[in-house]
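Engineer: In the order they appear, the protein sequences are chains D and C.
Residue numbers for the first sequence, in our numbering: 747 to 1069.
Residue numbers for the second sequence, in our numbering: 125 to 490.
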Amino acid sequence: MTLILAVPSKGRLQENANDYFARAGLDIVQGRGARDYRGAIAGLEGVEVAFLSASEIVGQLAAGAAHLGVTGEDLVREHVPDAETRLALLTPLGFGRANVVVAAPQSWIDVRNMADLEDVAAHFRARRGERMRVATKYVNLTRRFFNEHGVTDYRIVESLGATEGAPAAGSAELIVDITTTGATLSANALKIVEDGVILRSEANLVASLKADWSPEVRKTARAILSRLAASEKARRTREVRAFLPAAAKGAVAEAATKFDAHAAPGEDGGSVSFLCPRGRAAELADWLLAKGAERVGVATLEQVFEVPNPLYDALSGKIGANP
Amino acid sequence: MGKTSTAPRAAGERALAFFARAGFARVEPPILQPTAPFLDMSGEDLRGRLFLTSGPDGAELCLRPDYTIPVCLAHLGASPAAKETRYSYLGPVFRAPGEFWQTGLESFGRRDIEAADAEILALALEGAEAAGSGPLKVRFGDARLFDEVIGALKLPAYWRRRVRRGLARGAPLSQVLAKSGLTPFSKAGVLAALERSDHDGAKALVQDLLSIAGISTVGGRSPEEIADRFLEQAASRADEGLAPEQTQALQNFLAVEGHPDRAAEALKALARDSVLDISKALCSFEERVGFLAARGLPVDDLSYSAAFVRDLDYYTGFVFEAGTGHGPPVVVGGRYDGLAAKLGAAEATPAIGAAIWLDRLPEAAP
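1) Could you check where the alpha helix (DSSP H) with Gly165 of chain C kicks off and where it finishes?
2) At which residues does the alpha helix (DSSP H) containing Tyr1058 of chain D begin and terminate?
3) Give a yes or no on whether the C-beta atoms belonging to Ala752 of chain D and Ala788 of chain D are separated by under 9 Å.
4) Shorter than 9 Å from the beta carbon of Lys466 of chain C to some beta carbon of chain D?
5) Using a Cβ distance threshold of 8 Å, determine whether the segment 454-468 of chain C contacts the segment 223-241 of chain C, with at least three qualifying pairs required.
6) Assign Val939 of chain D to one of three DSSP states: helix, strand, or coil.
7) Near Glu184 of chain C, which residues of its chain fall below 8 Å by C-beta distance, leaving aside the five closest residues on each side in sequence?
8) For chain D, find out if any of its Cβ atoms is closer than 9 Å to the Cβ of Met125 of chain C; answer yes or no.
9) If I measure Cβ to Cβ from Gly126 of chain C and keep anything under 7 Å in the same chain, skipping five residues before and after, which residues do I get?
10) Less than 8 Å between the CB atoms is what I'm expecting for Leu485 of chain C and Ala135 of chain C, so what's the real figure, rounded?
11) So the candidates are C:Glu445, C:Pro347, C:Leu214 and C:Asp190; which of them puts its Cα closest to the Cα of Gly325 of chain C?
12) Thinking C-alpha only, which one of D:Arg758, D:Gly771 and D:Asp765 is nearest Arg973 of chain D?
13) Do Ser932 of chain D and Gln852 of chain D have their beta-carbon atoms positioned less than 9 Å apart in this structure?
14) Please identify, using Cβ separations under 9 Å, the residues of the segment 330-343 of chain C that lie next to chain D, in order along the chain.
15) Taking C-alpha atoms, which residue in D:Lys956, D:Trp959, D:Ala999 and D:Ile924 lies nearest to Ser947 of chain D?
16) What's the call for Arg874 of chain D, buried or exposed, on a 16-neighbour Cβ count within 10 Å?
17) Would Asp899 of chain D count as contacting chain C if we go by Cβ distances under 9 Å?
18) With a cut-off of 9 Å, does the C-beta of Gln852 of chain D fall near any C-beta of chain C?
19) Is Gly815 of chain D buried or exposed, if buried means 16 or more other CB atoms sit within 10 Å of its CB?
20) Report the three-state DSSP secondary structure of Ala489 of chain C (helix, strand or coil).
21) Assuming Pro838 of chain D and Asn950 of chain D make a contact with CB atoms under 8 Å, what is their CB distance in whole Å?
22) Quick test of your reading: Ala1009 of chain D and Ala1002 of chain D, contact by CB under 8 Å. State the CB separation rounded to the nearest angstrom.
23) Which partner residues does Gly382 of chain C have in the DSSP bridge list?
24) Please specify which runs of the alpha helix (DSSP H), each continuous and at least 4 residues long, are wholly inside the segment 994-1048 of chain D, giving them in chain order.
25) State the start and end residues of the unbroken alpha helix (DSSP H) segment that holds Tyr211 of chain C.
26) Starting from the beta carbon of Ile193 of chain C, find every residue of chain D whose beta carbon is closer than 7 Å, and list them in chain order.
27) With DSSP as the reference, identify every bridge partner of Trp225 of chain C, one or two as the case may be.
28) Do you know how far the Cα of Val1050 of chain D is from the Cα of Leu1035 of chain D?
29) Can you check which of these residues, D:Met878, D:Thr909 and D:Ala786, is closest to Arg345 of chain C by C-alpha distance?
30) For the beta strand (DSSP E) containing Tyr900 of chain D, name the first residue and the last one.
31) Is the CB of Met878 of chain D under 9 Å away from at least one CB in chain C?
32) Please report the residue range of the alpha helix (DSSP H) in which Phe148 of chain C lies.
33) Please look up how many angstroms separate the CB atoms of Arg210 of chain C and Phe148 of chain C, rounded, as I've assumed it's under 8 Å.
34) Hey, quick one: how far does the beta strand (DSSP E) through Asn845 of chain D stretch, first residue to last?
35) Run through the segment 792-870 of chain D for me and flag every whole beta strand (DSSP E) of 3 or more residues, listed as ranges in chain order.
36) Quick test of the definition: if touching needs 3 or more C-beta pairs under 8 Å, does the segment 423-432 of chain C touch the segment 382-391 of chain C?
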């Protein structure tokens, strides 16, 4: 049985996802040409890569038709009402960042926060006999968020593109949309409501809890996730090397505790190397100089494999240890 | 979903036969309905429970989630004259998680409000009995009385809206009256200057502000509406709370519940002590209790609750529900005089109806 890995089929999301896998030594190779929607991972048996749109990926994962995928948290929260039972968000990926926000016309100078908006909605309805209209493609996120803030006097107008233009076009009073810098909103004379950030979204590595996790597929998943975890760990880790004089007795063990580092070979004196959190490498180097080292090298790492595999552990915690 | 039991349907047919004998002719509106009237009336929260689809022309459609709006639309389509009409119905309604059977009745155009209220509740209970409900406990409220009390308290417009909306959503009073999260009026800076200005002055100021800041007006609210809301806030200091005596009166009102006659006494005492002019609604309340007794309903078994109000933009008067005491109510209904006008009728049409949830009858339970 093959593991189905669903990755974005176009745009910056695709580039970023490919880079993310490539950094872990997992090169995604497309079929015969750029138009082929099935691919593989070079040198790894038992994986089929499906190239899909980000929203199709959510659907396939929720239905159990794919095992792992890369997609935005916004789409997960919007399209999968019972996400907790269907999907596991294994890790945020640091790209595809965007916020889902409530944005109102800048000319509504009496509206700063959601409490203002709640009252304006009631005022609007009392005055017009109609509900204020909210243009969005995030129908479910909007409904949940407005409900939490007690906003009831509104109607959703489904919008499938150029949502930010809806107020100017007269098809809605305000919008819920995704934004990265807010520039598009400003250009359309809209402002973000102060406490109106519904979701800070980014691309996530997502696992399906409904897919068939046979022992074979699990083994493949473990291989993929352990490489991804290793490259992630490597990004957050530096190798610090030094030659310590024999007189610096106990310095290695002390350094390990002091700097949250792991030492190898762990003997006092001689050539020693540490794996240390990236942010503390310089501090550790200084400290080693003070202990008598003459020079200290700090190196980046390709991958750091560890016994605990946080990604696979997150997955197996959800799907159970055995099928 | 996937329920094959015929029990709800058979029970519904017994109730329907009873309704027909009482002069309520069966109407069979389409299952497929336009979505907008349901969402306009009930709000977006209903959307999550609707089975939605769309027509070839892109029109938003849904499977009917209840009968009231479809029957009202059929009524408006069939007889443009707002004369007295009585309908009954039987069939499935569709709400997540699935399909449920309902029967019920609707009455349009009766001007003797209190008598019609009593008739519909009595017939609904008798219909439920015919369907096999066994004894039911009735709980009722009065949206008109509720509105009149809130009006008589002379709350600032902001608080009137907030209290109506909050309590209709079922939020506890303490939460409804908790400090408002509105942008404090003092922080609205230059807009505090509006405090002593009139409508035209305020509108001009808002327009000036927008043009100085180079903000173009987009979206449905005009500078005039924004100015009016500022004026309203200035007048009522909406960022401050209610006066203690207003809170107390509201608390006392919401605490009224129990036997209809004793409730009426309590409401009269409240009106006297808090100097509230709610005599019209009180009169209607007592008249209705009289009609209920005259119809042979055991008034001692009815329970009034001042806090029992549902969506106040939908229900405009008598609201009731009856159940076994376990699980959701079997019979639900109420008066919705505003519905026909909102669905396009030329004038307000008195209307009241009740539905029986047939799957909730004891014998229909799986």
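We treat Cβ as the ideally placed atom computed from N, Cα and C, and that holds for glycine.
Structural biologist: According to the structure data:
1) As a working note, residue 165 of chain C is residue 41 in the second sequence. It is worth fixing the name first, because residue 165 of chain C is Met in this sequence and not Gly. That run of the alpha helix (DSSP H) goes Ala160 to Ser166.
2) Taking the first sequence and counting its residues from 1, the one referred to as residue 1058 of chain D is at position 312. Here the alpha helix (DSSP H) through Tyr1058 of chain D covers Pro1056 to Ile1065.
3) Translated into the one-based positions of the first sequence, residue 752 of chain D becomes position 6. Translated into the one-based positions of the first sequence, residue 788 of chain D becomes position 42. In this structure, Ala788 of chain D does not lie closer than 9 Å to Ala752 of chain D by Cβ.
4) Residue mapping note: residue 466 of chain C aligns to position 342 of the second sequence, counting from 1. Judged by the 9 Å Cβ criterion, Lys466 of chain C is in contact with chain D.
5) yes
6) Locating residue 939 of chain D in the first sequence gives position 193, where the first residue counts as 1. DSSP places Val939 of chain D in strand when its eight states are reduced to three.
7) For this step, residue 184 of chain C is matched to residue 60 along the second sequence. Only Pro158, Thr159, Ala160, Leu176 and Ser178 meet the Cβ criterion.
8) Taking the first residue of the second sequence as 1, we reach residue 125 of chain C at position 1. Here the model assigns Met125 of chain C a pLDDT of 44, short of 50, so the residue's position is not dependable, and the following value carries that caveat. It does not; no Cβ of chain D falls within 9 Å.
9) Locating residue 126 of chain C in the second sequence gives position 2, where the first residue counts as 1. The predicted model places Gly126 of chain C with a pLDDT of 44, which falls under 50 and marks its position as unreliable; any figure quoted below should be read in that light. For Gly126 of chain C, where only same-chain residues beyond five positions count, there are no Cβ hits under 7 Å.
10) The residue you call residue 485 of chain C lines up with position 361 of the second sequence. The residue you call residue 135 of chain C lines up with position 11 of the second sequence. At roughly 6 Å, the Cβ-Cβ gap stays under 8 Å, so Leu485 of chain C and Ala135 of chain C are in contact.
11) To locate residue 325 of chain C, count along the second sequence from 1; it is residue 201. It is C:Pro347 whose Cα lies nearest to the Cα of Gly325 of chain C.
12) As a position in the first sequence, residue 973 of chain D is number 227, starting the count at 1. Ranking the options by Cα distance to Arg973 of chain D, first place goes to D:Gly771.
13) Position 106 of the first sequence holds residue 852 of chain D. Position 186 of the first sequence holds residue 932 of chain D. It is a contact, given that the beta carbons lie within the stated cut-off.
14) Val330, Leu333, Leu334, Ala337, Ile339, Ser340, Thr341, Val342 and Gly343
15) Stepping through the first sequence from its first residue, residue 947 of chain D is reached at position 201. The candidate whose alpha carbon is nearest that of Ser947 of chain D is D:Ile924.
16) As a first step, residue 874 of chain D is located in the first sequence; it is residue number 128 there, counting from the start. Exposed: under 16 other Cβ atoms inside 10 Å.
17) What you label residue 899 of chain D is simply residue 153 of the first sequence in a count that begins at 1. Chain C, which has a Cβ nearer than 9 Å to the Cβ of Asp899 of chain D, makes this yes.
18) For this step, residue 852 of chain D is matched to residue 106 along the first sequence. Yes, its Cβ sits closer than 9 Å to a Cβ of chain C.
19) For this step, residue 815 of chain D is matched to residue 69 along the first sequence. With 16 or more Cβ atoms within 10 Å of its Cβ, Gly815 of chain D is classed as buried.
20) Here residue 489 of chain C corresponds to residue number 365 of the second sequence, with the count starting at 1. Since pLDDT at Ala489 of chain C reaches only 48, below the 50 mark, its modelled position is unreliable, and no value is offered.
21) In the first sequence, the residue the question calls residue 838 of chain D occupies position 92. In the first sequence, the residue the question calls residue 950 of chain D occupies position 204. Pro838 of chain D to Asn950 of chain D, Cβ: 5 Å. Contact.
22) The residue you call residue 1009 of chain D lines up with position 263 of the first sequence. The residue you call residue 1002 of chain D lines up with position 256 of the first sequence. Indeed they touch by this definition, with Cβ atoms about 5 Å apart.
23) In the second sequence, counting from the first residue as 1, residue 382 of chain C sits at position 258. Answer by DSSP bridge pairing, in chain order: C:Tyr428.
24) 997-1004 and 1027-1036
25) Stepping through the second sequence from its first residue, residue 211 of chain C is reached at position 87. Premise fails: Tyr211 of chain C lies in the beta strand (DSSP E), Thr209 to Arg219, not in any alpha helix (DSSP H).
26) Start at 1 with the first residue of the second sequence, and residue 193 of chain C comes out as number 69. Here the premise fails: no neighbours, minimum Cβ distance about 15 Å.
27) As a working note, residue 225 of chain C is residue 101 in the second sequence. For Trp225 of chain C, which the question treats as bridged, DSSP gives the partners C:Pro216.
28) Locating residue 1035 of chain D in the first sequence gives position 289, where the first residue counts as 1. Locating residue 1050 of chain D in the first sequence gives position 304, where the first residue counts as 1. Roughly 25 Å separates the two Cα atoms.
29) Taking the second sequence and counting its residues from 1, the one referred to as residue 345 of chain C is at position 221. The residue with the shortest Cα to Cα distance from Arg345 of chain C is D:Met878.
30) Here residue 900 of chain D is taken as the residue at index 154 of the first sequence, counted from 1. Per DSSP, Tyr900 of chain D belongs to the beta strand (DSSP E) from Tyr900 to Glu904.
31) As a working note, residue 878 of chain D is residue 132 in the first sequence. With 9 Å as the cut-off, Met878 of chain D counts as an interface residue toward chain C.
32) In the second sequence, the residue the question calls residue 148 of chain C occupies position 24. Element bounds for Phe148 of chain C: n/a, residue is neither H nor E.
33) Here residue 210 of chain C refers to the residue found at position 86 when the second sequence is read from its first residue. Here residue 148 of chain C refers to the residue found at position 24 when the second sequence is read from its first residue. With 8 Å as the limit, Arg210 of chain C and Phe148 of chain C qualify as a contact, their Cβ atoms being about 5 Å apart.
34) Taking the first sequence and counting its residues from 1, the one referred to as residue 845 of chain D is at position 99. Note, Asn845 of chain D: beta strand (DSSP E), Ala844 to Pro851.
35) 814-818, 833-838 and 844-851
36) yes
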